[in-house]
Structure formats: structure tokens, C-alpha cells
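The next block holds one structure in the form of C-alpha cells; read it before the comments.
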Amino acid sequence: MINFLNRLRKKNIFSFIALIIIFFLYIFSFLADFISPYPFDKQFREYSLCPPTKIHFIDKSGKFHIRPFVYGIRIINSSVGKYREDKDKIYPIKFFVRGNKRKILGLFPSNFYLFGTEGDGKIFLFGTDIQGRDVFSRVLYGSRISLSIGLIGVSISFILGLFFGSISGYFGGKVDNILMRLVEIIMMFPSFYLLLALRAAFPTDLSTVQIYFLIVVILSLIGWASLARIIRGMVLSIKEEEFILAAKSLGISTFRIITKHIIPNTFSYTITAITLSIPGYILGESALSLIGLGIQEPYPSWGNMLSVSVGNLRILTSAPWMLLPGFFIFLTIICFNFLGDGLRDITDPSLNTGY
Amino acid sequence: MEKLLKTINLKKNFMVKDKYGMVKKINALRGVSFEIDKGETLGIIGESGSGKTTLGKTVIRLIEPDEGKIIFKNIDITHKKENQLRPLRKKFQIIFQNPYKSLNPRMTALEIVMEAIDGSKKEKIEKGEYLLNIVGIKKNKFRSFPYQFSGGERQRIAIARSLSTEPEFIVCDEPTSNLDLSIQAQILNLFMDLKEKFNLTYLFISHDLKVIKFVSDRIGVMFKGRIVEIGKTEEIIKNPENPYVRELFEIEKKQFSI
Amino acid sequence: MGILEVKNLIVSIQSLYKKVNILRNISFSIGKNEVVSLVGESGSGKTFTALSIMKLLPQAAKIETGEILIDGENIIEKDEKKMVKIRGEKVSMIFQEPSSHLNPVFTIGNQMVECVKGNLTKGEKKEKVIEILKEVELPEYIFYQYPHQLSGGMQQRVMIGMAIINKPSLLIADEPTTALDVSTSFRIINLLKKLISTHKISVIFITHDISLAVNFSDKIYVMYAGEIVEKSPSKKLINSPLHPYSEKLIACLPEKYKKREKIKTIEGTVPDFSSLPSGCAFHPRCPYKKEICEKFLPEEIKIGESYVRCFRYGKITKNN
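Residue numbers (the numbering used here), protein chains in the order written: chain A, 37 to 391; chain B, 2 to 259; chain C, 134 to 453.
Structure (C-alpha cells):
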């Protein structure tokens with residue numbers, strides 16, 4: 037593993053940095069309960085559309101505080117989003133504070149949080165939305181949906197694609213014919229419309245968990261097709277290689293030839309194809325949520341957080357922090373792209389020839 | 002002498018797409034019949050297109066012939082289905098020409114040799130290491146990947162692999178054609194040693210007459226899908242009957258003798 | 134003054150992490166109508182030598198020092214524009230795989246006409262091509278065919294035709310018959326011999342097949358690890374090789390043995406250029422090695438008509 041990380045770092049530094057960023061994104065998403073100062077649905081109605089709280093080290097009298105602090109928020113006019121810092125009230129940012137009870141990962145009750153303020157102090161690192169909910173916390177909770185759908189969806193597609201692709205390529209004949217026609221039918225539909233159609237075939241008022249699984253399943257069913265076709269092509273050429281003939285002559289079973297000899301030799305392509313397709317799944321979920329067919333309120337996903345801002349000029353001009361979920365989508369996708377590039381560079385066996 | 006392998010009138014056609022996309026019918030084998038005694042080395046010499054590689058693969062049923070019979074130790078294996086054939090496959094193996102393509106690039110040398118050995122994991126490793134040792138691979142390279150070995154070493158690994166099922170008969174399809182002269186010498190020596198040690202029978206295919214002369218008890222000359230002459234090495238060399246064979250030997254004398 | 138003179142040529146190649154010398158002090162000369170075979174195993178540097186003379190080295194390779202004089206002119210300094218003039222007119226090369234050196238989407242005639250140099254009209258060029266086709270014993274209709282319609286032997290004849298059409302004084306043939314059948318290769322070799330005597334071309338014939346080299350040329354240069362270790366007349370090399378590597382290499386020929394006799398092989402393996410032994414590169418595998426062989430590189434010594442780099446024949450040394 038360390039070897040792999042080193043090689044990646046040497047070969048493609050951007051890819052390595054991307055891997056680290058992705059790693060941290062997933063860690064934060066996992067620890068969302070602990071890191072976010074507020075629950076994702078807690079509304080501070082009087083602080084609707086509050087801009088991000090500034091963090092200070094030097095107060096108005098010029099005194100330096102070792103512990104960073106935030107000022108209180110004086111509400112000028114909440115309905116038009118006017119706020120000013122109340123420089124008389126200083127709230128130090130404390131780490132590992134106690135706050136409301138919450139369940140970490142839905143399992144462990146706890147009231148420990150990574151950071152926060154005490155008393156009346158509010159720390160809205162990314163500002164608040166219309167209902168006064170902390171955007172930072174919602175972005176963290178929302179990342180769970182977006183990031184996990186990518187991984188789970190891709191895993192399912194990957195398994196389906198490998199399975200059908202290798203069977204099709206290895207056995208050929210009728211099986212190959214039928215499978216590839218099926219693949220072509222799936223690929224024929226513009227994927228976004230197919231996504232909508234499949235989603236619309238189900239009632240719109242399912243529970244969040246059900247919706248979540250439905251989205252994952254739909255995305256996987258659309259995604260496996262192109263992977264299967266490419267795997268089939270690779271299997272077709274690999275199965276003619278001499279070491280496959282050698283395995284046959286040794287009496288190795290067909291199942292083992294496919295799993296131990298053929299499929300591992302497709303990895304140089306598949307591994308990178310997978311990392312490069314994860315963004316598609318993230319976007320798919322975001323798109324669904326954007327138009328209201330995805331995760332429903334109050335549960336946050338990066339997509340549905342953006343949907344509020346769509347077409348709403350007032351928000352776009354006066355509350356730009358509402359677009360931060362979009363930035364995170366962008367960041368995640370860019371990182372996966374770079375990671376895919378780097379993986380492709382290091383898993384290429386033709387580069388493994390010595391120096 | 003027990004006849005280990007017998008072929009009767011083997012025929013095989015292929016429909017092939019060549020490098021430029023044109024489809025042709027190739028008559029690779031047009032009726033090949035011969036026998037091999039146990040313990041013998043039959044050398045097959047032929048130019049490209051003579052069908053010698055097809056013969057090698059057909060004889061151990063990696064290719065199914067269109068017509069004719071293959072009889073191995075009195076069992077007709079010509080049209081046996083793969084699952085019936087599988088247990089028999091242990092007895093006949095093949096070594097390919099290109100050492101750069103005949104090993105799975107994602108398996109270590111030990112894994113490659115161990116794969117077909119029966120038994121517990123411990124037994125597999127033991128036997129695998131033993132075989133790699135016999136063919137001259139150093140212990141510190143047992144867990145290296147093919148790309149870390151030279152052509153000659155890779156061929157040794159392929160040889161060890163073919164021995165892993167304790168075969169009686171090995172088809173050697175131009176095993177030294179891609180190797181340098183000094184490496185070829187080592188590999189030829191290895192083949193001779195292993196033959197004695199494990200009591201093997203070889204079908205040795207090559208286009209190089211010097212090598213064939215060196216390893217074979219009997220020689221069969223192939224031309225356009227048929228064996229045009231077959232007989233004891235010394236007799237054929239001294240007195241070739243077939244005009245094609247005569248021409249071939251003449252050329253070799255003129256071009257290559259020293 | 135010879136057609137070609139190579140003096141103290143050192144060529145390196147830059148890999149990801151380090152720079153390694155491939156050709157280490159190559160010197161030789163080829164006179165008019167002289168045919169020399171360059172013999173060596175893979176990794177000896179023989180193809181690199183040919184590419185250096187043609188200045189067709191890969192980008193990562195660099196000529197460190199030395200001179201290459203073609204007809205008295207040093208081509209080391211010449212830029213690509215000048216080299217284009219020299220290639221084909223003074224020096225030509227033919228390669229191992231003829232099919233990969235012919236463009237599949239153009240006719241033979243088209244490609245050959247493209248090779249003809251000089252200020253000639255299209256018609257005159259075509260005439261020249263037809264002439265050459267006759268010389269390489271190909272029928273005229275080949276002019277209108279595509280490479281895929283030709284057999285390997287015919288393709289090689291086309292390549293040879295393209296190489297000599299501008300009447301170069303030196304031809305480099307890099308394993309021209311290795312990919313061909315025995316009978317085809319026999320005919321190509323005969324063709325080459327005929328052309329050599331007709332046009333009085335000098336030839337560097339690169340091969341790994343010693344017996345072929347003996348039958349083709351009068352002189353053989355043996356290469357090992359980027360050096361020419363022996364230069365001898367062919368018959369002399371076979372019967373009494375001077376350098377231990379030549380001796381042991383010839384001993385690897387299966388035709389020197391009775392059936393199934395154990396072949397005397399060379400201990401060890403060809404060294405990696407990035408980790409060559411100190412002193413003489415062959416010493417770890419040499420049965421005659423002495424202490425001096427581990428420390429110093431032998432200089433070339435003349436013995437009769439041969440030249441050899443080996444301390445068995447003298448104490449002349451050069452520091453590593």
C-alpha cells in the first residue's frame with residue numbers, strides 16, 4: 037500500500053493530492069455527526085440567510101486572543117438578510133464542546149462535538165440558508181449521500197459489468213449476442229432521460245431511505261452497460277493470449293481461467309474507468325435532487341441544497357454561500373478525475389519494464 | 002516400444018482474417034499421420050505455413066481437428082468434450098515459442114508453477130519451489146513477476162509449469178526460436194536433462210534444422226500441411242528422398258555450415 | 134580513406150533515473166566494397182551502432198563523444214537537414230521486419246518513387262524504379278501492388294530496392310533475414326551478394342546468427358556489452374577465435390555437437406548496461422580471467438589479421 041502511494045506521488049503529484057483530498061472528504065463525511073456544530077435540520081429562523089461567520093484573533097480593542105473567536109450577530113433586518121457583527125459580544129471557539137444530544141452514525145448517543153461556541157454564540161462557517169440552517173453542517177451531512185452513492189453505485193455496476201462482459205467475451209455465440217443487444221438497448225437511451233423515466237416510474241413520496249436505494253439501483257443499472265461492452269472487448273483479445281492456452285492445457289477449469297487469468301488482466305483499464313465514472317454517479321444524484329426527484333427535505337444532499345438557489349436571483353446575488361455545495365461537487369469530481377489519471381499511469385503494465 | 006501418441010490423417014482448416022482485414026481459408030493440416038514411441042523425441046521441421054504449429058496444438062487438443070484421429074496411450078481423444086479431457090490433460094503439456102506472452106503477467110513465478118499442482122497449499126508451494134529450482138530459477142526470484150525476468154528465464158518458468166502436472170509427453174513449439182544463442186544452448190541442455198530425469202517424450206517443433214538435428218531421434222519434415230518425409234535423424238540427413246527435403250538440406254549446408 | 138570510419142564512439146541513453154552508456158568506445162572502419170558482419174546477442178549494442186551511423190537514434194539517446202566519418206565527413210555535428218541528404222545517397226539501411234517498414238495504404242511504386250532522389254521528372258523516377266525492380270528480381274506489376282499483396286520475401290526485396298536505388302556506398306542490413314523462412318532467406322542472401330558485387334557496395338550485416346555471418350562476409354566483428362571485442366576474418370573466427378566470448382559463443386552452436394551431447398554453455402548472463410562489471414565486461418563469465426581483468430579495460434591489440442580486446446594477448450591497459 038505504501039509502495040502504491042509512493043509510486044502515485046512520484047508519477048503524478050496532482051493525482052496524489054487528489055487522493056488525499058478525496059480521503060479527507062470521505063473521513064469528514066463519515067464523521068459528520070461529530071464535526072458539524074449543528075444538526076442538519078436545526079433552524080435558527082431569526083438568522084435566515086446569515087453570511088458566513090468570520091473568525092477573528094484580534095478584537096476591536098486590538099487585543100490578541102490565542103483562542104479564535106466569533107462576534108455575536110446583531111440582527112438588523114432578518115427578512116432582508118441584513119446582519120452585522122456585534123463586536124461587544126465575544127464568543128471563543130471551543131473544541132470538543134458539549135451541545136445538544138445527537139447520535140453519532142445513528143448509533144452512539146453523544147453530545148460531544150469537534151468545535152462550537154457556548155451560550156448564545158453562533159458559528160455559521162458557511163452561513164445559513166433561508167430557514168436559518170447551518171450550511172456547513174448540511175454540506176457535511178449532504179456529503180454522505182453524494183459520496184456514498186458514487187461508491188456504491190459504481191461497485192454494483194462494476195460487478196455487473198465484469199460478470200456479463202466476461203461471460204459474453206469468453207463464451208461468445210448466442211449468449212454474447214443476447215447480452216450485447218441488451219447492452220446496446222440500454223446505451224441507446226440518453227442516460228439522463230432514462231434516469232428520470234425510471235425514477236418517475238416510482239411514487240414520489242417514498243421514504244428517504246427508499247429513495248436513496250432506488251437512486252443507487254437505477255444508476256447502477258444504467259452504468260453497467262458500457263463497462264460490460266468494454267470488458268467484453270478486452271476479454272475477447274485476452275482469451276487468445278498464449279498464457280490462457282497454457283492454462284487450458286494444464287487442465288485449469290473455465291471458471292478459474294476467467295476469474296484468475298482473464299479478469300485480473302482487465303484491471304489496468306477497469307480501475308481507471310471506475311474512478312473516472314464515479315463523478316457521473318455523483319452528478320446523477322445531484323441532478324435528480326436538483327429537480328426534486330432525489331433526496332427530499334429536510335435531508336440534505338448537495339444536489340437538493342443547490343436546487344433552492346436555482347433560478348432564484350435574490351439568493352444568487354445576495355447569498356452566494358448557498359452555492360458552496362456546488363463547489364464541493366466540482367471539487368470531488370475534479371479529484372476523481374485526477375485520481376483516475378494517476379491510477380491509469382501506474383497500473384499500466386507496459387511501464388513496468390524495469391527502470 | 003509402446004506407442005505413446007498416434008495420429009491418423011489429421012485435417013484442419015481455418016478461416017483467418019489477416020493483418021489487412023481480408024478473410025482467407027487456410028488448410029493448415031491436410032492429412033497428417035505419424036506415431037511417437039515412449040521416450041522418443043520426434044522433431045518436426047517446416048517453414049512458416051507448413052502447419053507445424055497447428056500440428057503441435059492439435060495433437061494435445063488445444064485445437065479440435067476437422068477430420069482424423071488422435072490416440073494418446075490407446076485412448077481416442079479426438080473429439081472428447083472438455084470436461085472429459087481435463088483429467089487427461091495432465092499427461093500431455095505444451096511449451097510455447099514466445100516467452101514474453103506465455104506467462105500471465107499478473108502472477109508470480111511460483112504462483113504460475115503452483116497453479117496446476119494438486120494438494121494442500123503447503124504441498125503446492127513445496128513442489129512449485131522444487132520445480133523452479135530444477136529449471137534453474139534462483140530462490141530469491143520465486144515471487145517475482147514475469148516482467149522482472151529475462152526471456153530465457155521466462156522460458157524456464159514455462160518449462161517448470163509444464164512439468165507441474167507430471168506429464169509424460171510435452172509438445173515443444175519452437176521453444177528456443179526467440180532466444181539468443183547462448184541462452185538457447187542452456188535451454189536445450191535443460192530439455193535433455195529433464196527428458197532423462199522425468200522420462201519424457203517430446204514432439205519438438207522448429208524451423209531451425211541445426212536444432213532439430215541436435216535433439217531428435219526421428220525427424221518429420223512438414224510442407225504445406227503434410228509430412229512429406231519421416232524417419233530416423235541420421236538416415237534422413239544422409240539420404241533425403243523427398244525433393245523438397247533435399248533442397249532444404251542443401252540450403253542449410255550452403256548457407257549455414259561452418 | 135574508407136567509406137566509413139568510426140572513432141571512439143560513445144553513445145548513452147537517458148532513462149527516467151539515470152544515464153547509461155550503451156556504446157562504449159566503438160572504433161572500426163569499412164573500406165570500399167568491404168562486407169563486414171556485426172555479430173552479437175541481444176543487448177550487445179549492434180542495432181545501436183547501426184542507428185548511430187544513420188543518426189536515427191531514439192530521442193533519449195545521445196552521442197557523447199567520438200567521430201563518425203562518412204566519405205571523410207564527420208556526421209556527428211551535422212543537423213537533420215544535412216543527414217536527410219546523406220541517408221539514402223551515401224548510407225542506407227534495411228530492417229528486420231519489412232512489413233512494418235512499408236506503408237500499407239500506398240502502392241509499392243508510389244513508395245519507391247518517393248525514395249528516388251535528385252531532380253528528375255516523375256517519369257524518370259518511375260523508370261528508375263522499374264529498373265531496380267528488375268535488379269531485385271521482382272516482376273514489373275509489383276509497382277502497382279500494395280504491400281499486403283506481397284509475401285515477406287518480396288517485401289524484403291522491395292526494401293532492398295528502396296535502399297540501393299540512390300546508389301549508396303554503404304548499406305547497413307539489420308537482421309534482414311531473421312524473420313524469413315530458410316529458403317526465402319537463402320534467396321535474399323544470394324540477392325544481396327549479387328547486388329554487392331554488381332554495385333560494389335560496402336555492407337555492414339548485423340546478425341545474431343554466426344554461421345550466416347561466416348557465409349555472408351569475409352570479416353566478422355563480435356560485439357559484447359557495447360564494445361567490439363574481436364575483429365577477425367570469418368574463417369579464422371570460426372576455427373580459432375581469439376576472444377573468450379567469441380570462443381564460448383561458437384561453442385554454443387548445436388551443430389558443433391553430436392546428438393544430445395551436452396552443449397558447453399556460457400556461465401552467467403549478459404550484464405545490464407546500468408550495472409556493468411568493473412574492468413572487462415566479460416570477466417565474470419570468463420574462464421581465463423586474471424586479476425587485471427577485474428580492474429582495467431583492455432585496449433585493442435592487433436594479432437595477425439585480427440584485433441582483439443583481451444588481456445590474454447598483452448598487457449596494454451587503459452584506465453576504466
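The C-beta atom is built at its ideal place from N, Cα and C for all residues, glycine as well.
T202 of chain B bridges to which residues according to DSSP?
What you label residue 202 of chain B is simply residue 201 of the second sequence in a count that begins at 1. Bridge partners of T202 of chain B: B:F170.
Answer with yes or no whether the minimum CB distance from Y391 of chain A to chain B is below 9 Å. Translated into the one-based positions of the first sequence, residue 391 of chain A becomes position 355. Note that Y391 of chain A scores a pLDDT of 27, beneath 50, so its modelled location is shaky and nothing firm can be said.
- Query: Taking Cβ-Cβ distances below 8 Å as the criterion, which residues of the region 301-315 of chain C are in contact with chain B?
  - Reply: D314, V315
Strictly below 9 Å CB to CB, what residues from chain C border T234 of chain B? Along the second sequence, one-based indexing puts residue 234 of chain B at 233. From the beta-carbon of T234 of chain B, the residues of chain C found nearer than 9 Å are K392.
DSSP has L137 of chain C in a bridge; who is on the other side?
As a first step, residue 137 of chain C is located in the third sequence; it is residue number 4 there, counting from the start. Looking at the DSSP assignment, L137 of chain C forms a beta bridge with C:I163, C:I203.
- Task: Excluding the 5 residues preceding and the 5 following K74 of chain B in the sequence, name in chain order all residues of the same chain whose CB lies nearer than 7 Å to its CB.
- Result: Taking the second sequence and counting its residues from 1, one reaches residue 74 of chain B at position 73. If we look at K74 of chain B and ignore the five residues flanking it on each side, its Cβ neighbours are L5.
**Message:** Rounded to the nearest angstrom, what separates F238 of chain A and I247 of chain A at their Cα positions?
**Reply:** Working through the first sequence from its first residue, we reach residue 238 of chain A at position 202. Working through the first sequence from its first residue, we reach residue 247 of chain A at position 211. Cα to Cα, the separation comes out at about 9 Å.
- Task: Quick one: which residues of the region 266-282 of chain A get their C-beta closer than 9 Å to a C-beta of chain B? List them in chain order.
- Result: E277, E278, F279, I280, L281, A282
- Counting only runs of 4+ residues fully inside the region 274-353 of chain C, write out the alpha helix (DSSP H) ranges in chain order. The region 274-353 of chain C contains these whole alpha helix (DSSP H) runs: 285-297, 315-332, 343-349.
- Is the Cβ of S289 of chain A closer than 9 Å to any Cβ of chain B? Translated into the one-based positions of the first sequence, residue 289 of chain A becomes position 253. Cβ-Cβ to chain B under 9 Å: yes for S289 of chain A.
Q) Is any beta-carbon of chain B found at less than 9 Å from that of L324 of chain C? A) The residue you call residue 324 of chain C lines up with position 191 of the third sequence. For L324 of chain C, the answer is no, since every Cβ of chain B falls outside 9 Å of its Cβ.
**Report entry** Contacting residues, own chain, Cβ-Cβ under 7 Å from M16 of chain B (five flanking each side not counted)
**Finding:** Along the second sequence, read from residue 1 onward, the residue named residue 16 of chain B stands at position 15. Answer for M16 of chain B: V24, K26, listed in chain order.
Within-9 Å CB hit, M108 of chain B to chain A:
Numbered from its first residue, the second sequence carries residue 108 of chain B at position 107. By this cut-off, M108 of chain B is an interface position.
Rounded straight-line distance, which links the Cα of T153 of chain A to that of P128 of chain A: The residue given as residue 128 of chain A occupies position 92 in the first sequence. The residue given as residue 153 of chain A occupies position 117 in the first sequence. Inter-residue distance for P128 of chain A and T153 of chain A is about 6 Å (C-alpha atoms, whole angstroms).
Q) According to DSSP, is P366 of chain C helix, strand or coil? A) Along the third sequence, read from residue 1 onward, the residue named residue 366 of chain C stands at position 233. Strand.
Exercise. Are the C-beta of Q256 of chain B and some C-beta of chain C separated by less than 9 Å?
Worked result: Taking the second sequence and counting its residues from 1, one reaches residue 256 of chain B at position 255. Q256 of chain B counts as touching chain C.
Practice task
State whether the region 429-448 of chain C contacts the region 354-366 of chain C, with contact taken as three or more CB pairs (one from each stretch) at a distance under 8 Å.
Solution key: yes
Quiz prompt | Under 8 Å from the C-beta of L382 of chain C: neighbouring residues of chain B | solution = As a working note, residue 382 of chain C is residue 249 in the third sequence. By Cβ distance, chain B contributes L182, S183.
- Message: Is K47 of chain A close to chain B? Criterion is C-beta to C-beta, closer than 9 Å.
- Response: Taking the first sequence and counting its residues from 1, the one referred to as residue 47 of chain A is at position 11. Not an interface residue.
- prompt: Taking Cβ-Cβ distances shorter than 9 Å, what residues in chain B pair up with S202 of chain A?
  reply: The residue you call residue 202 of chain A lines up with position 166 of the first sequence. Here the premise fails: no neighbours, minimum Cβ distance about 15 Å.
| field | Listed by chain order, chain B residues near N301 of chain A by CB distance under 8 Å | value | Walking along the first sequence from the start, residue 301 of chain A turns up at place 265. Contact annotation for N301 of chain A against chain B: N105, P106, R107 [CB-CB distance below 8 Å, chain order].
So, for T109 of chain B: in the same chain, excluding its five sequence neighbours on each side, which residues have a beta-carbon less than 8 Å away from its beta-carbon?
As a working mapping, residue 109 of chain B is identified with position 108 in the second sequence. Excluding residues within five positions, the ones whose Cβ falls inside 8 Å are F143, R144, S145, F146.
Does the Cβ-Cβ distance between A306 of chain C and I343 of chain C come in under 9 Å?
-> Numbered from 1 along the third sequence, position 173 holds the residue referred to as residue 306 of chain C. Numbered from 1 along the third sequence, position 210 holds the residue referred to as residue 343 of chain C. The answer is no: Cβ separation not under 9 Å.
| said: Just to confirm the assignment, what range does the alpha helix (DSSP H) spanning P315 of chain A have? | reply: Mapped onto the first sequence, residue 315 of chain A falls at position 279. Unbroken alpha helix (DSSP H) run through P315 of chain A: 303-326.
- State the start and end residues of the unbroken alpha helix (DSSP H) segment that holds L263 of chain A. Here residue 263 of chain A is taken as the residue at index 227 of the first sequence, counted from 1. Start and end: 244-274.
- [ ] Using the DSSP secondary-structure output, state which residues sit across from F224 of chain B in a beta bridge.
- [x] For this step, residue 224 of chain B is matched to residue 223 along the second sequence. In the DSSP output, where bridge partners are listed per residue, F224 of chain B has B:R227.
**Prompt:** chain B beta carbons: is any one of them nearer than 9 Å to that of L286 of chain A?
**Reply:** One-based indexing of the first sequence puts residue 286 of chain A at position 250. It does; some Cβ of chain B falls within 9 Å.
Next on the checklist: Against chain B, does K90 of chain A count as a neighbour if the rule is that its beta carbon must be under 9 Å from one of theirs?
Outcome noted: Looking up residue 90 of chain A in the first sequence gives position 54. It does not: the Cβ of K90 of chain A has no partner Cβ on chain B nearer than 9 Å.
Where F132 of chain A falls: helix, strand or coil (DSSP)
Within the first sequence, the letter at position 96 stands for residue 132 of chain A. The three-state secondary structure of F132 of chain A, taken from DSSP, is strand.
query: Do you know how far the Cα of I294 of chain A is from the Cα of I159 of chain C?
result: For the purposes of this step, residue 159 of chain C is identified with residue 26 of the third sequence, where counting begins at 1. For the purposes of this step, residue 294 of chain A is identified with residue 258 of the first sequence, where counting begins at 1. Approximately 51 Å between the Cα atoms of the pair.
With DSSP as the reference, identify every bridge partner of A194 of chain C, one or two as the case may be. Residue mapping note: residue 194 of chain C aligns to position 61 of the third sequence, counting from 1. DSSP lists C:I146 as partners of A194 of chain C.
- Heavy atom of the ligand PLP less than 8 Å from the Cβ of A159 of chain B, yes or no? Summarising the ligand content, the structure contains no ligands, and the ligand PLP is consequently not present.
**Report entry** Alpha carbon of T114 of chain C to alpha carbon of K381 of chain C, nearest angstrom
**Finding:** The first residue shown for chain C is 134 and the last is 453, placing residue 114 of chain C beyond what the model contains.
Next item on the list: Give a yes or no on contact between the region 345-362 of chain C and the region 168-180 of chain C, applying the rule of three or more CB pairs nearer than 8 Å.
Entry: yes
Note to self: Measuring only the C-alpha atoms, how far is E127 of chain B from I228 of chain B?
What the structure shows: Translated into the one-based positions of the second sequence, residue 127 of chain B becomes position 126. Translated into the one-based positions of the second sequence, residue 228 of chain B becomes position 227. Straight-line Cα distance between these residues: approximately 42 Å.
> Distance, Cα to Cα, R320 of chain C vs F181 of chain C?
Replying inline: For this step, residue 320 of chain C is matched to residue 187 along the third sequence. For this step, residue 181 of chain C is matched to residue 48 along the third sequence. Roughly 27 Å separates the two Cα atoms.
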